[in-house]
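> Numbers 205 to 346, taken from the numbering used here, label the letters of the sequence shown in order.
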Amino acid sequence: MDEQALETLELELAILLRRVSLITTYSKFGNLDRSAYLLLRQITAHGSAGVKALADESYLDISTISRQATALEQKGYVYRIPDPLDGRAYSFQITDLGAKEYNEHKQARLSKIADILKNWSDEECEVFGQLLRKYNRSIINM
Numbered sequence: 205m206d207e208q209a210l211e212t213l214e215l216e217l218a219i220l221l222r223r224v225s226l227i228t229t230y231s232k233f234g235n236l237d238r239s240a241y242l243l244l245r246q247i248t249a250h251g252s253a254g255v256k257a258l259a260d261e262s263y264l265d266i267s268t269i270s271r272q273a274t275a276l277e278q279k280g281y282v283y284r285i286p287d288p289l290d291g292r293a294y295s296f297q298i299t300d301l302g303a304k305e306y307n308e309h310k311q312a313r314l315s316k317i318a319d320i321l322k323n324w325s326d327e328e329c330e331v332f333g334q335l336l337r338k339y340n341r342s343i344i345n346m
């Protein structure tokens with residue numbers, strides 16, 4: 205890779221992380237932090253799931269997901285569904301309150317992103333999204 209291109213990417217990623225942190229610090233979207241939002245998104249997109257499946261999909265360890273899911277359960281955003289074949293196992297399902305919080309948070313995030321990208325063309329947004337997806341998948345496949 206070209207050294208100048210690599211240096212540009214390194215700098216722009218550092219700036220991006222700083223600015224995203226500023227946005228999330230000063231522009232509260234609701235009651236969900238990033239981990240709660242992503243976990244609720246997984247359950248919303250794929251249906252009820254156990255801790256292992258949620259951990260595998262998010263590339264986090266089971267204890268982290270278990271802690272996050274328990275916090276969501278305490279807030280009333282998810283509930284446990286016992287596994288009829290294994291009394292120790294269970295899945296998490298989103299509640300109506302969890303779905304409401306998730307949808308409100310998602311709409312606020314989408315609105316903020318749309319505002320940031322208001323002067324971008326549809327093609328630029330599409331390419332940027334594809335490149336971000338590729339970058340994120342590259343991190344996982346290291």
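For glycine and all other residues, C-beta sits at the position ideal for the given N, C-alpha and C.
Starting from Arg-337, follow the alpha helix (DSSP H) in both directions and report where the run begins and ends.
As a working mapping, residue 337 is identified with position 133 in the sequence shown. Element bounds for Arg-337: 326-344.
> I'd like to know if the segment 246-254 and the segment 294-302 are in contact, where contact means that at least 3 CB-CB pairs between them fall below 8 Å.
The segment 246-254 vs the segment 294-302: in contact.
> Residues in the same chain with beta-carbon distance under 8 Å from Glu-277, minus the five sequence neighbours each way, listed in chain order, please.
The residue you call residue 277 lines up with position 73 of the sequence shown. The answer, listed in chain order, is Tyr-283, Arg-284, Phe-296.
> Please find out if some non-hydrogen atom of the ligand FAD comes closer than 8 Å to the beta-carbon of Ala-312.
As far as ligands go, the structure on display features none, and thus does not contain the ligand FAD.
> Where does Ala-294 fall in DSSP's three states?
For the purposes of this step, residue 294 is identified with residue 90 of the sequence shown, where counting begins at 1. One point to set straight first is that residue 294 is Tyr, not Ala, in the sequence displayed. In this structure, Tyr-294 counts as strand in the three-state DSSP scheme.
> Does the distance from the C-beta atom of Ala-240 to that of Ala-275 stay below 9 Å?
Taking the sequence shown and counting its residues from 1, one reaches residue 240 at position 36. Taking the sequence shown and counting its residues from 1, one reaches residue 275 at position 71. Contact flag set, yes.
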